[in-house]
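Read through the structure below, which is laid out as structure tokens, and then see the notes.
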């Protein structure tokens with residue numbers, strides 16, 4: 009088996025035991041990327057030089073028997089809306105095309121402290137606004153399983169990078185499903201932690217009450233490893249919490265004896281693709297065999313979640329994106345008549361259509377005369393959605409449902425209908441509104457050979473239990489071990 | 003909710019975005035569709051429901067007002083599209 013197919017934990021073991029040098033591994037990674045990336049387009053910026061320098065540093069540490077970090081020598085990709093000091097960070101927007109952050113995001117700092125090797129910055133829908141990675145200002149990322157299909161989004165580049173064996177691990181961000189949905193569509197494991205679990209410092213803001221940095225990995229144990237490395241309190245993010253971070257890998261093999269699984273009927277209703285439904289139902293049979301009990305339940309306000317989300321997320325976005333004015337950083341228009349004209353031209357030339365659409369929707373929902381009807385109304389319905397989960401978790405330990413209503417769809421298929429695109433996130437959005445954690449794990453394939461993902465949701469700060477439940481399924485199945493066949497593949 | 007061209011022009015101005023006639027036409031349709039979808043919230047009675055801004059209970063996080071390690075002025079200004087000495091340079095503000 010080629011080195012590049014290993015899990016992060018396996019590769020770390022090989023590096024620490026000096027079976028392979030980090031510099032050699034990084035060399036292989038970039039060789040493979042150069043060969044396959046033209047077909048996939050997962051990256052906006054590659055960091056080959058920086059990666060090789062870091063790898064040499066780690067090799068030296070290991071040679072000198074110095075202590076190394078939790079992620080020693082593991083090549084990782086980072087979504088391009090997470091700030092990396094001295095490394096271009098574009099948010100896939102023309103408005104930030106030359107932006108070089110003067111600081112590292114909290115999570116990037118953690119990766120560096122733990123000796124991970126950042127290999128590049130991955131493509132996304134501009135400002136993380138989208139569900140297909142087609143809205144990037146630079147390129148369209150393709151699904152490694154079928155290059156005519158989207159990888160999902162908005163963290164499509166990170167999901168594709170892990171699925172295509174470019175990176176062992178990747179970071180993304182999840183505002184309404186942007187980690188879990190692409191993980192499902194690319195056949196990898198995606199975790200959105202509890203709101204407040206991971207610092208958002210250095211994550212370029214989209215919907216601040218919803219945004220959370222999450223992980224892409226090849227299996228559940230790798231997710232536990234990476235989450236442990238990035239979770240925790242940060243004084244630079246006032247919404248990050250002081251709740252202690254458990255050792256997520258401890259007891260991960262504990263099984264699911266006596267587990268009560270909630271099956272919400274609204275998540276198996278009209279609009280769900282039959283192949284996805286069948287795959288999730290078959291997965292549930294495995295939990296049944298493992299001794300879990302099912303509780304049929306209702307989350308009655310689910311049908312309102314998408315509407316609530318598109319008011320709240322866009323209201324927050326319209327405010328967050330007001331900072332792109334062509335003054336302090338980013339793109340500025342060439343000629344202008346006075347400062348207001350400069351703002352208008354800069355923003356009109358710098359933002360793509362989806363971003364403009366959302367800024368306008370958000371400003372509309374917040375504007376005088378409409379605030380109560382839209383923003384306030386949505387904030388109240390948000391309370392009802394959270395209460396649905398609170399009531400459900402009185403009766404069950406977790407909720408299992410599909411991650412996405414469909415497997416990967418064709419590039420261009422939904423691009424001209426924003427509303428249809430928004431409905432791609434129907435099963436992932438409620439967790440962001442309620443702030444609870446969620447994981448998507450591979451649970452099957454469609455007849456066309458596209459991956460299908462299953463979502464597990466738990467109470468706030470119960471990531472450890474969530475990972476344990478996910479691992480119990482993964483241990484019984486081999487969906488996570490399947491790899492896309494990439495043409496000319498030697499891996 | 004039917005959005006009209008004048009609504010689009012009003013919110014585009016609030017958003018500091020300039021639109022061509024063709025773009026205005028496109029956004030009239032798309033925003034009308036989205037807002038019609040959002041109308042479904044009106045089916046719910048929310049009279050006695052408290053609005054929620056965050057999913058956690060944290061309010062008013064305070065800290066000591068101590069000097070940290072700020073980013074240097076040169077670093078902070080590095081990305082400026084136009085500058086003059088230690089200032090950001092912008093077009094004329096007052097006519």
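Residue numbers (our numbering), protein chains in the order written: chain A, 9 to 499; chain B, 3 to 97.
Where a beta carbon is used, it is the ideal one built from N, C-alpha and C, also for glycine.
Inset, instruction - Verify the CB distance criterion: does residue 17(B) have a CB-CB separation below 8 Å to chain A? - result: Residue-level contact by beta carbon holds for residue 17(B) and chain A, with a gap shorter than 8 Å.
Legend entry - Minimum Cβ-Cβ distance from residue 65(B) to chain A less than 8 Å: With 8 Å as the cut-off, residue 65(B) counts as an interface residue toward chain A.
Inset, instruction - Could you check which residue in 417(A), 89(A), 479(A) has the C-alpha nearest to that of residue 198(A)? - result: The closest CA to that of residue 198(A), considering only 417(A), 89(A), 479(A), is found on 479(A).
Inset, instruction - Measuring only between beta-carbons, confirm whether residue 371(A) sits less than 8 Å from chain B. - result: With its beta carbon less than 8 Å from one in chain B, residue 371(A) belongs to the interface.
Inset, instruction - Give a yes or no on whether 8 Å exceeds the smallest Cβ distance from residue 110(A) to chain B. - result: Yes, its Cβ sits closer than 8 Å to a Cβ of chain B.
Inset, instruction - Determine, using beta carbons only, whether residue 23(B) comes closer than 8 Å to chain A. - result: No, because no Cβ of chain A sits closer than 8 Å to the Cβ of residue 23(B).
Legend entry - Within the region 51-98 of chain A, ranges of the beta strand (DSSP E) (whole runs, at least 3 residues): Entirely contained in the region 51-98 of chain A, the beta strand (DSSP E) runs reaching 3 residues are, in chain order, 51-54, 83-87.
Legend entry - Three-pair Cβ contact test at 8 Å for the region 155-170 of chain A versus the region 67-78 of chain A: With a cut-off of 8 Å, the region 67-78 of chain A and the region 155-170 of chain A do not count as touching, because too few Cβ pairs lie within range.
Inset, instruction - With DSSP as the reference, label residue 314(A) as helix, strand or coil. - result: Helix.
Inset, instruction - Since I believe residue 36(A) is in contact with residue 11(A) (beta carbons under 8 Å), could you give me their beta-carbon distance rounded to a whole number of angstroms? - result: Residue 11(A) to residue 36(A), Cβ: 6 Å. Contact.
Legend entry - Best match in 95(A), 28(A), 314(A), 155(A) for proximity to residue 64(A) [C-alpha to C-alpha]: When 95(A), 28(A), 314(A), 155(A) are compared, the shortest CA-CA separation from residue 64(A) is found for 28(A).
Inset, instruction - List the residues that DSSP assigns as beta-bridge partners of residue 409(A). - result: Paired residue(s): 463(A).
Inset, instruction - Determine contact between the region 306-326 of chain A and the region 450-466 of chain A, defined as no fewer than three beta-carbon pairs at a distance below 8 Å. - result: No: the two stretches stay apart, fewer than three of their Cβ pairs being nearer than 8 Å.
Inset, instruction - Pick helix, strand or coil for residue 498(A), following the three-state DSSP scheme. - result: Legend: pLDDT at residue 498(A) = 46, less than 50; position of this residue unreliable, no value from coordinates given.
Legend entry - Residue of 365(A), 477(A), 384(A) minimising C-alpha distance to residue 25(B): Each of 365(A), 477(A), 384(A) was checked against the Cα of residue 25(B), and the nearest Cα belongs to 365(A).
Inset, instruction - Any chance you could list the beta strand (DSSP E) runs of at least 3 consecutive residues sitting entirely within the region 186-210 of chain A, in chain order? - result: The region 186-210 of chain A contains these whole beta strand (DSSP E) runs: 197-200.
Legend entry - Continuous beta strand (DSSP E) stretch holding residue 269(A): start and end: In the DSSP assignment, residue 269(A) falls within the unbroken beta strand (DSSP E) covering 268-272.
Inset, instruction - Taking only the alpha-carbon atoms, compute the straight-line gap between residue 430(A) and residue 475(A) and give it to the nearest angstrom. - result: Rounded to the nearest angstrom, the two C-alpha atoms are 28 Å apart.
Inset, instruction - Give a yes or no on whether the minimum CB-CB distance between residue 57(B) and chain A is below 8 Å. - result: A Cβ of chain A is located within less than 8 Å of the beta carbon of residue 57(B).
Legend entry - Minimum Cβ-Cβ distance from residue 426(A) to chain B less than 8 Å: Using a CB distance cut-off of 8 Å, residue 426(A) counts as an interface residue toward chain B.
Inset, instruction - May I have a chain-ordered list of the alpha helix (DSSP H) segments no shorter than 4 residues that lie completely inside the region 373-419 of chain A? - result: Considered as a whole, the region 373-419 of chain A harbours 385-403 as its complete alpha helix (DSSP H) runs of no fewer than 4 residues, in chain order.
Inset, instruction - Taking C-beta pairs closer than 8 Å, name the residues in chain A that residue 94(B) reaches, listed in chain order. - result: By Cβ distance, chain A contributes 346, 347.
Inset, instruction - Can you tell me which of the three DSSP states residue 54(B) falls into? - result: DSSP, reduced to helix, strand and coil, places residue 54(B) outside both helices and strands of the structure shown, so it counts as coil.
Inset, instruction - Output yes if chain B places a C-beta closer than 8 Å to the C-beta of residue 406(A); else output no. - result: Not an interface residue.
Inset, instruction - Give the secondary structure of residue 86(B) by DSSP, where H, G and I count as helix, E and B as strand, and everything else as coil. - result: The answer is strand: DSSP assigns residue 86(B) an E or B state.
Inset, instruction - Specify, as a first and last residue, the run of the alpha helix (DSSP H) that residue 450(A) falls within. - result: Looking at the DSSP string, residue 450(A) is not in any alpha helix (DSSP H); the run it does join, the beta strand (DSSP E), is 446-453.
Legend entry - residue 482(A) - DSSP class collapsed to helix/strand/coil: DSSP places residue 482(A) in helix when its eight states are reduced to three.
Inset, instruction - Rank 45(A), 414(A), 440(A) by C-alpha distance to the C-alpha of residue 428(A) and give the top, closest one. - result: For the residues 45(A), 414(A), 440(A), the minimum Cα distance to residue 428(A) belongs to 414(A).
Inset, instruction - Using the Cα positions of residue 38(B) and residue 4(B), report the straight-line distance between them to the nearest angstrom. - result: Roughly 8 Å between the two C-alpha positions.
Inset, instruction - Could you check the C-alpha separation between residue 36(B) and residue 157(A) for me, to the nearest Å? - result: Distance between the alpha carbons of residue 36(B) and residue 157(A): 25 Å.
Inset, instruction - Could you give the DSSP three-state label for residue 19(A): helix, strand or coil? - result: In this structure, DSSP gives residue 19(A) a helical state, which the three-state scheme calls helix.
Legend entry - Neighbourhood of residue 497(A) by C-beta, 7 Å cutoff - its chain only, sequence neighbours within 5 removed: Only weak support exists for where residue 497(A) lies, its pLDDT of 48 falling under 50; the value from the coordinates is given anyway. Here the set comprises nothing.
Legend entry - Integer Cβ distance of residue 218(A) from residue 440(A), believed to fall under 8 Å: With a beta-carbon spacing of about 4 Å, residue 218(A) and residue 440(A) fall inside the 8 Å limit used to define contacts.
Inset, instruction - Can you tell me the Cβ-Cβ gap for residue 501(A) and residue 411(A), rounded? I've got them flagged as a contact below 8 Å. - result: Because residue 501(A) is not part of the residues shown, which for chain A are 9 to 499, the question remains open.
Inset, instruction - Figure out for me which residue from 404(A), 94(A), 463(A), 161(A) has the closest Cα to the Cα of residue 301(A). - result: Out of 404(A), 94(A), 463(A), 161(A), the CA that lies nearest to the CA of residue 301(A) is found in 404(A).
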